[in-house]
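Undergrad: There's a structure below that I have some questions on.
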Amino acid sequence: GCLDVDANNFSIDADEDCCGDAPGIDDVCCCTYPDMIININHLHGTENVALNTPYENELGQLYLISNIDFYISNIQVFKQAWHTDNNRMEAVSTGSGENLVDDATMISPNSFQYRIGDFSASGTFDSLTLDIGPPLGVDEVDLAQLASGHALDTSSNTLFDAEVGAYLSYKVELITDTVEMKTRIFHAIAQDPYSVQLSLASAKLRGSDLSIPIGVDYKDWFDQVDLLAVDSIEVGKIIGSQIPGSISIVE
Numbered sequence: 390g391c392l393d394v395d396a397n398n399f400s401i402d403a404d405e406d407c408c409g410d411a412p413g414i415d416d417v418c419c420c421t422y423p424d425m426i427i428n429i430n431h432l433h434g435t436e437n438v439a440l441n442t443p444y445e446n447e448l449g450q451l452y453l454i455s456n457i458d459f460y461i462s463n464i465q466v467f468k469q470a471w472h473t474d475n476n477r478m479e480a481v482s483t484g485s486g487e488n489l490v491d492d493a494t495m496i497s498p499n500s501f502q503y504r505i506g507d508f509s510a511s512g513t514f515d516s517l518t519l520d521i522g523p524p525l526g527v528d529e530v531d532l533a534q535l536a537s538g539h540a541l542d543t544s545s546n547t548l549f550d551a552e553v554g555a556y557l558s559y560k561v562e563l564i565t566d567t568v569e570m571k572t573r574i575f576h577a578i579a580q581d582p583y584s585v586q587l588s589l590a591s592a593k594l595r596g597s598d599l600s601i602p603i604g605v606d607y608k609d610w611f612d613q614v615d616l617l618a619v620d621s622i623e624v625g626k627i628i629g630s631q632i633p634g635s636i637s638i639v640e
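Throughout the sequence shown, residue numbering follows our numbering, covering 390 to 640 in sequence.
Here's what the structure looks like:
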């Protein structure tokens with residue numbers, strides 16, 4: 390049975406370890422581990438966000454959100470004294486021989502729960518940090534090793550710009566001309582990620598999942614932005630700078 394006390398199927402009655410160097414066991418382990426799970430509340434102000442619904446920003450400009458996708462990565466939780474707790478997430482090899490933590494996750498308004506990876510640490514965590522955008526060094530990832538449907542898989546990825554050969558931190562499709570219903574696309578190419586730091590009050594017992602409730606208020610993305618400005622690239626940068634302030638822990 391499983392004798393790892395951090396596993397969620399730890400068996401106190403087991404008399405032989407199903408993992409490791411036990412006789413007759415060849416790289417097989419029966420232990421399974423708790424998850425880090427992020428639950429997302431997609432908001433527009435105090436209400437749930439609704440795609441293709443008219444909204445008005447503080448500049449008096451009407452817009453409809455057709456679609457939004459963005460990455461989060463480099464997700465870490467901390468205990469007091471700012472000690473990082475590592476998890477069991479898989480590594481992604483890069484062409485330079487370095488390893489990245491495989492926690493890149495694409496967030497979309499039609500999905501609400503995201504499994505980030507195995508997470509065996511326990512205790513009370515008081516803060517959370519994450520980046521908006523894919524992991525640094527992602528352009529060196531060996532794409533051939535990625536499973537179909539992986540967040541970084543370029544074959545079916547709305548956050549990979551094939552024209553410039555680069556990942557995007559986010560991409561939003563807005564209808565800003567509500568008469569002719571013309572769509573504008575804003576994005577930011579992933580360079581320096583937008584960093585988020587949040588206070589957290591989450592207790593996790595050994596063998597249990599760590600569930601983190603996060604709110605994303607898309608109203609904050611657009612309220613102070615001139616969505617009718619001609620320079621889409623500049624507008625995209627301004628929207629990107631608003632994203633960290635739109636993210637909070639849901640009490």
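Ideal Cβ positions, reconstructed from N, Cα and C, are used throughout, including at glycine.
Could you tell me how far apart the beta carbons of P443 and L432 are, in whole angstroms, since I believe they sit closer than 8 Å?
TA: Going by Cβ atoms, the distance from P443 to L432 rounds to 17 Å, so no, they are not a contact pair.
Undergrad: Could you confirm whether any beta carbon from chain C is found closer than 8 Å to the beta carbon of V619?
TA: Any reference to chain C falls outside this structure, which holds one protein chain only.
Undergrad: DSSP three-state call for Q586: helix, strand or coil?
TA: strand
Undergrad: Give the list of continuous alpha helix (DSSP H) stretches no shorter than 4 residues that lie fully inside the segment 599-639.
TA: Segments of the alpha helix (DSSP H) lying fully in the segment 599-639: 608-611 and 621-631.
Undergrad: Whether or not the segment 529-539 and the segment 434-450 are in contact is what I'm after, with contact meaning three or more pairs of Cβ atoms, one per stretch, closer than 8 Å; do they touch?
TA: Counting Cβ pairs under 8 Å, fewer than three are found: no touch.
Undergrad: Rounded to a whole number of angstroms, what is the C-alpha to C-alpha distance between F575 and N441?
TA: 16 Å
Undergrad: Can you give the Cα-Cα distance for K468 and S588, rounded to whole angstroms?
TA: 11 Å
Undergrad: Need the endpoints of the beta strand (DSSP E) that Q465 sits in, please.
TA: L451 to F467
Undergrad: For S545, name the three-state secondary structure that DSSP assigns.
TA: helix
Undergrad: Do the segment 556-575 and the segment 504-511 touch if we need at least three Cβ pairs shorter than 8 Å?
TA: no
Undergrad: I638 and P602: beta carbons closer than 8 Å?
TA: yes
Undergrad: Using a Cβ-Cβ cutoff of less than 6 Å, which residues in the same chain neighbour I414 once the five nearest sequence positions on both sides are dropped?
TA: Residue confidence for I414 is low, a pLDDT of 49 falling below 50, so the modelled location carries little weight; the figure read from the coordinates is stated next. Excluding residues within five positions, none has a Cβ falling inside 6 Å.
Undergrad: In chain order, what residues of the same chain lie with their CB nearer than 6 Å to the CB of W471, ignoring the 5 residues before and after it?
TA: In this prediction, W471 scores a pLDDT of 48, lower than 50, which makes its location untrustworthy; no coordinate-derived value is stated.
Undergrad: Over the uninterrupted beta strand (DSSP E) stretch that includes M495, give me the two end residues.
TA: T494 to I496
Undergrad: May I have the straight-line CA-CA distance separating S597 from K571, to the nearest angstrom?
TA: Taken atom to atom, the span from the alpha-carbon of S597 to that of K571 is near 48 Å.
Undergrad: Roughly how many whole angstroms lie between the Cα atoms of S497 and D458?
TA: 5 Å
Undergrad: To the nearest angstrom, how far is it from the Cα of D615 to the Cα of V624?
TA: 7 Å
Undergrad: Quick check on D528: does DSSP put it in helix, strand or coil?
TA: Reduced to three states, the DSSP call for D528 is helix.
Undergrad: With the cut-off set at 8 Å, would you say V585 and L532 are in Cβ contact?
TA: no
Undergrad: With H, G and I counted as helix, E and B as strand and the rest as coil, what does DSSP make of Q502?
TA: strand
Undergrad: Would you identify the three-state DSSP class for A403, choosing helix, strand or coil?
TA: coil
Undergrad: Taking only heavy atoms of the ligand GDP into account, decide whether any of them is closer than 7 Å to the Cβ of I636.
TA: Looking at this structure, you won't find the ligand GDP or any other ligand, since it has none at all.
Undergrad: If distances are taken between C-alpha atoms only, which option among P423, V417 and E436 comes closest to C407?
TA: Between C407 and the set P423, V417 and E436, the nearest pair of CA atoms involves V417.
Undergrad: Classify A510 as helix, strand or coil using the three-state DSSP reduction.
TA: coil
Undergrad: Would you say Y556 and A579 are within 8 Å of each other, going by their C-beta atoms?
TA: yes
Undergrad: For R504, which residues in the same chain have their Cβ closer than 7 Å to its Cβ, ignoring the five residues on either side in sequence?
TA: D424 and I426
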